[in-house]
Amino acid sequence: MVYRGPSLKIWDGVTNSLYNAHKLTGIVIFFLVLARLGYRLTQGAPADEPSLETWQKGASHATHWSLYLLLLLVPIGGYLGISLYPALDVFGIPLPSIVAANQAAAARVFSALGRCRPLSCYWSVRTSVLRSITTLFARMVYCSGCGLGPTGASS
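Going by the working numbering, the first residue of the sequence shown is number 6, and it counts up by one from there.
The following block contains the structure:
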């Protein structure tokens, strides 16, 4: 996507629509994650894969809760930024502010979010890949009757 915005002085209808869509997407994600988290806390989680080692289960749970944390903190940070700026409308619908306007503080919040975004993306992708590799490895090593690993090793 081509960068648009104040540093390139491209602020037209398309830029405004993209920015509004970005804000709306963040708000929707925040409420979907809240709903999912509420469901998870009230209904519980599926049982862990029985073949996983204790450290793998711990890593899996830590990863899962870290993703929830990121999926909540990033939209909260964005909303804090638009409240500080203030840029509190989405497609003409006004939004409530959570703090008093302060554009210098908004610049710091947006800067911090800009630094965190590549990091959170990196950790999300890295975590997904490592989890897939770990699961695949566990299934290959501990499967029964598949001809691989200690349970199905053939002589």
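Ideal placement from N, C-alpha and C gives every residue a C-beta, glycine not left out.
Cβ-based burial, residue i [other Cβ within 10 Å; buried from 16]
i	result
residue 83	buried
residue 80	buried
residue 89	buried
residue 161	Nothing about residue 161 can be read from this structure; the chain reaches only from 6 to 160.
residue 85	buried
residue 111	buried
residue 98	exposed
Strand pairing of residue i, partner residues [DSSP]
i	result
residue 98	95
Which of helix, strand or coil DSSP assigns to residue i
i	result
residue 15	strand
residue 21	helix
residue 41	helix
residue 105	coil
residue 56	coil
residue 119	helix
CA-to-CA distance, residue j to residue i, given in whole angstroms
i	j	result
residue 38	residue 106	27 Å
residue 56	residue 50	17 Å
residue 16	residue 104	25 Å
Extent of the continuous alpha helix (DSSP H) run through residue i
i	result
residue 82	59 to 89
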